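Undergrad: Let me give you the structure first, and then I'll get to my questions.
Protein chains: 2
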Amino acid sequence: MTGPLATRLTERFGLAHPIVLAPMAFAAGGRLAAAVSAAGGLGLIGGGYGDPAWVDAQFAEAGEDAAVGCGFITWHLRDEVLDGVLRRRPRALLLSFGDPRPFAPRVHDAGVPLLCQVQTVADARRALEAGAAVIVAQGAEAGGHGDRRATFTLVPEVADLLAAESPDTLLCAAGGVADGRGLAAALVLGADGVMVGSRLWATQEASVSDAMQAAAVAADGDATVRTSVMDIARSLRWPERFTARVLRNRFTDTWHGRERELRESGADAAREWSEGWAAGDPDRSNTFIGEATGLIDAIEPAATVIERMAGEAATALAARRPDRSR
Amino acid sequence: MTGPLATRLTERFGLAHPIVLAPMAFAAGGRLAAAVSAAGGLGLIGGGYGDPAWVDAQFAEAGEDAAVGCGFITWHLRDEVLDGVLRRRPRALLLSFGDPRPFAPRVHDAGVPLLCQVQTVADARRALEAGAAVIVAQGAEAGGHGDRRATFTLVPEVADLLAAESPDTLLCAAGGVADGRGLAAALVLGADGVMVGSRLWATQEASVSDAMQAAAVAADGDATVRTSVMDIARSLRWPERFTARVLRNRFTDTWHGRERELRESGADAAREWSEGWAAGDPDRSNTFIGEATGLIDAIEPAATVIERMAGEAATALAARRPDRSR
């Protein structure tokens, strides 16, 4: 397949567009992953914290013929969960948030392309040691979990690292990529493609409540915060460097900066958060989305988003051709 | 003048390249501003905290014929300092970090183009109310003072705002733009040009110590931190939302997260910081630079940096033309 934005990523994975679905825990189920792959991107199921029953159900929902992959939260992954997915021969296996090296041999042995999402240059060096086929450089503007570096500087810096040390390793940009301008910018910054979270979270196929999607559509990009309070509420022991970007609301306004207090005496608040989360309530729990929420104004089918993103990117690049007459 | 990257910014200001020097306090003196303007960009003297004697000296060093402007830290600006600079008929006047509206009428009355650097969409709306000719959208990856939003999402979101509400207002991207890839990415994200800080801080004409420049060249982009501790050490009462990005060192490792203690009992540490700053010592004080430090590997003349940035941007855009044969 070739599209208007053919890159090494589209060639290597047989894609129409250099767009990979971020394997967002809970939100990127089989339905969304299959829709992205059917639209010419690479769909990844959000294996998240590694619940085998949920992952099995998502692969079933995607369907036997869906060319989808899967992603996991590395620090929370167990060998047997990884092996269970690898037996399905996923199109790709992504690891993020932790050291991928202990798991990499199993992925390589299965003949599955290893994608490593990284948040720093130091992470990227570790991903090269793990033998990543694709490094996904994720900036802090991303929704959900991430670290501190920004997409705009991390992508070219990792591109320089790969050019010097591993030129066959591909590079995707993640964090803030929500339209054709972002896709085009990622390519000129040195990426071979993009990983898209928030914009595909805000589609009809995503496993997200209507109320949370409506909250995201209504918000501008100033309305998010990167914090750990929802992980404390869920009793998830994330490594300290990884916080999550969500829409600010009463919960984050109350507890962000008071993490110790929430941990020690916030049981009622934590229970209310969890009940709100189960109900998909953006006021009582939190809506996981990035700064790109300010670029999203409708909930559409994933294929519509992907086609428009690719078309707009081609237009943005054509409009900026340096040889254009003005 | 026209260069390979002609935009509305180059046309409006008569530039060869769509590159504006960030008016970095202390570092962007008359010598650097004049060098940037002579190279076809728009040089802005870093009026900073508004010391009239220093600003006068910088305009004198730039020279009578230098088409340079000046920038100020808005929350620290006084009317008489602004008026003193406006009487010099600067090429442009930039305000950042605070509400520009109280000062805007004086700038308009002087017939000087008003540039407003903004850190959020809310700031951008305020800059439109101030009648800005150019809005500079600054991401948190920038060196020195800034806020939380990222360049990659803030630029297209502000571009959408301007398209809807004030299409004649120009837009520059700031924060992380250090080479031709960044310039090209900013243009496809919707900017008419870029404001460059760190990369021009790291030039021969900048008023920066050799030791600090050497520290920046040696650092990768993971090595910075956004913090307030150096402002506490200097007794500068910055509004809480604005922190500054610097190279991490012993001082930031010791005090970041212990701001109250530094304020209450850190007099010795503050004195040592100030002595280190006066000496240009990157170990005892701090090196103000952004994440782009990881993209900088030499101290060169400003003209060399600007010419290469423009040339590389044209190349990056040409290489990504969607109609290229592969």
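As they're listed, the protein sequences go chains A and B. Here the first sequence is numbered in our numbering, starting from 1 and rising by one per residue. Here the second sequence is numbered in our numbering, starting from 1001 and rising by one per residue. Beta carbons: idealized from backbone N, C-alpha and C, even for Gly. Since the structure is predicted, the reported quantities are computational estimates derived from the model, not experimental observations.
1) Using the C-alpha atoms, what's the distance from Gly-182(A) back to Val-305(A)?
2) Step through the CB atoms of chain A and report whether any lies within less than 8 Å of the CB of Ala-1244(B).
3) Leaving out five residues before and five after Ser-209(A) in sequence, what residues of the same chain have Cβ atoms less than 7 Å from its Cβ?
4) In the structure shown, what three-state DSSP assignment does Asp-323(A) receive?
5) Give a yes or no on whether 8 Å exceeds the smallest Cβ distance from Glu-1259(B) to chain A.
6) Between Arg-1087(B) and Gly-1294(B), what straight-line distance do the alpha-carbon atoms span, to the nearest angstrom?
7) Where does Ala-1127(B) sit, in a helix, a strand or coil, going by DSSP?
8) Val-1217(B): buried (16+ other C-beta within 10 angstroms of its C-beta) or exposed?
9) Can you tell me which of the three DSSP states Thr-120(A) falls into?
10) How would you label Ala-1178(B), buried or exposed, when you count the other beta carbons within 10 angstroms and need 16 or more for buried?
11) Ala-74(A) CB to nearest chain B CB: under 8 Å?
12) Quick check: the Cα distance between Ala-104(A) and Leu-114(A), rounded to an integer number of angstroms?
13) Could you work out which residue in Ala-174(A), Glu-259(A), Thr-315(A) and Ala-127(A) is closest to Gly-144(A) when comparing CA atoms only?
14) When you compare the stretch 229-243 of chain A with the stretch 128-136 of chain A, are there three or more beta-carbon pairs, one atom per stretch, that lie closer than 8 Å?
15) Using the beta-carbon count (16 or more within 10 Å), is Glu-1291(B) buried or exposed?
16) Pull out every residue of the stretch 1131-1153 of chain B whose Cβ sits closer than 9 Å to any Cβ of chain A, in chain order.
17) Count the other C-beta atoms from every protein chain shown that fall within 10 angstroms of the C-beta of Asp-1222(B), then say buried if there are 16 or more, exposed otherwise.
18) Spatial neighbours of Trp-75(A) within its chain, please: C-beta separation below 7 Å, excluding the five flanking residues on both sides.
19) Report, in whole angstroms, the separation of the C-beta atoms of Ile-296(A) and Arg-234(A), which I expect to be a contact under 8 Å.
20) Can you name, in chain order, every residue of its own chain whose Cβ lies under 8 Å from the Cβ of Ala-1025(B), other than the five neighbours on each side?
21) For Ala-1076(B), does the three-state DSSP call read helix, strand or coil?
22) Compare the C-alpha of Val-1107(B) against each of Glu-1272(B), Ala-1124(B), Asp-1083(B) and Thr-1254(B) and name the closest.
23) Are Leu-1128(B) and Thr-1007(B) close, meaning C-beta to C-beta below 8 Å?
24) Who are the neighbours of Arg-320(A) on chain B, taking C-beta pairs under 8 Å?
25) Against chain A, with Cβ distances strictly below 8 Å, would Pro-1239(B) count as a contact?
26) Should the stretch 1151-1161 of chain B be called in touch with the stretch 1257-1264 of chain B, which here means at least 3 C-beta pairs below 8 Å?
27) Please list, in chain order, all residues of the same chain as Pro-52(A) whose beta carbon is under 6 Å from its beta carbon, the five residues on each side excluded.
TA: With the given structure in hand:
1) One C-alpha to the other measures close to 13 Å.
2) Output row for Ala-1244(B): interface = no.
3) The residues are Gly-280.
4) Note on Asp-323(A): pLDDT 48, under 50, position unreliable in the model; the coordinate value appears next. Note: Asp-323(A) maps to coil in three-state DSSP.
5) Closer than 8 Å: no.
6) In this model, Arg-1087(B) and Gly-1294(B) are separated by some 39 Å (Cα to Cα).
7) Here Ala-1127(B) sits in helix by DSSP.
8) By the 10 Å Cβ count, Val-1217(B) comes out exposed.
9) The answer is coil: DSSP assigns Thr-120(A) none of H, G, I, E or B.
10) Buried, because 16 or more other Cβ atoms sit within 10 Å of the Cβ of Ala-1178(B).
11) In the sequence under discussion, the amino acid at residue 74(A) is Thr, which differs from the Ala named in the question. No, because no Cβ of chain B sits closer than 8 Å to the Cβ of Thr-74(A).
12) Going from the Cα of Ala-104(A) to the Cα of Leu-114(A) covers about 7 Å.
13) Of the listed residues, the one whose Cα sits closest to Gly-144(A) is Ala-174(A).
14) Contact between the stretch 229-243 of chain A and the stretch 128-136 of chain A is absent, because fewer than three Cβ pairs lie under 8 Å.
15) Classified as buried, Glu-1291(B) has 16 or more neighbouring CB atoms from the shown chains inside 10 Å of its CB.
16) Answer in chain order: Gly-1139, Ala-1140, Glu-1141, Arg-1148, Arg-1149, Ala-1150, Thr-1151, Phe-1152 and Thr-1153.
17) Counting the other Cβ atoms within 10 Å of the Cβ of Asp-1222(B) gives 16 or more, which makes it buried.
18) If we look at Trp-75(A) and ignore the five residues flanking it on each side, its Cβ neighbours are Phe-97, Gly-98 and Pro-239.
19) In this structure Ile-296(A) does not touch Arg-234(A) by the C-beta definition: roughly 25 Å separates them, more than the 8 Å allowed.
20) For Ala-1025(B), where only same-chain residues beyond five positions count, the Cβ hits under 8 Å are Gly-1046, Gly-1047, Gly-1048, Tyr-1049, Ile-1073 and Gly-1144.
21) Checking the displayed sequence, the identity of residue 1076(B) turns out to be His instead of Ala. Under the three-state reduction of DSSP, His-1076(B) is assigned to helix.
22) Distances from the alpha-carbon of Val-1107(B) to those of Glu-1272(B), Ala-1124(B), Asp-1083(B) and Thr-1254(B) put Asp-1083(B) closest.
23) Contact flag unset, no.
24) Going along chain B in sequence order, the residues near Arg-320(A) (Cβ under 8 Å) are Ala-1184, Leu-1187, Val-1188 and Leu-1317.
25) By this cut-off, Pro-1239(B) is not an interface position.
26) Under the Cβ criterion (8 Å, minimum of three pairs), the stretch 1151-1161 of chain B does not count as touching the stretch 1257-1264 of chain B.
27) Take Pro-52(A), set aside five residues on each side of it, and the residues of its chain with a beta-carbon closer than 6 Å to its own are Val-81 and Gly-84, in chain order.
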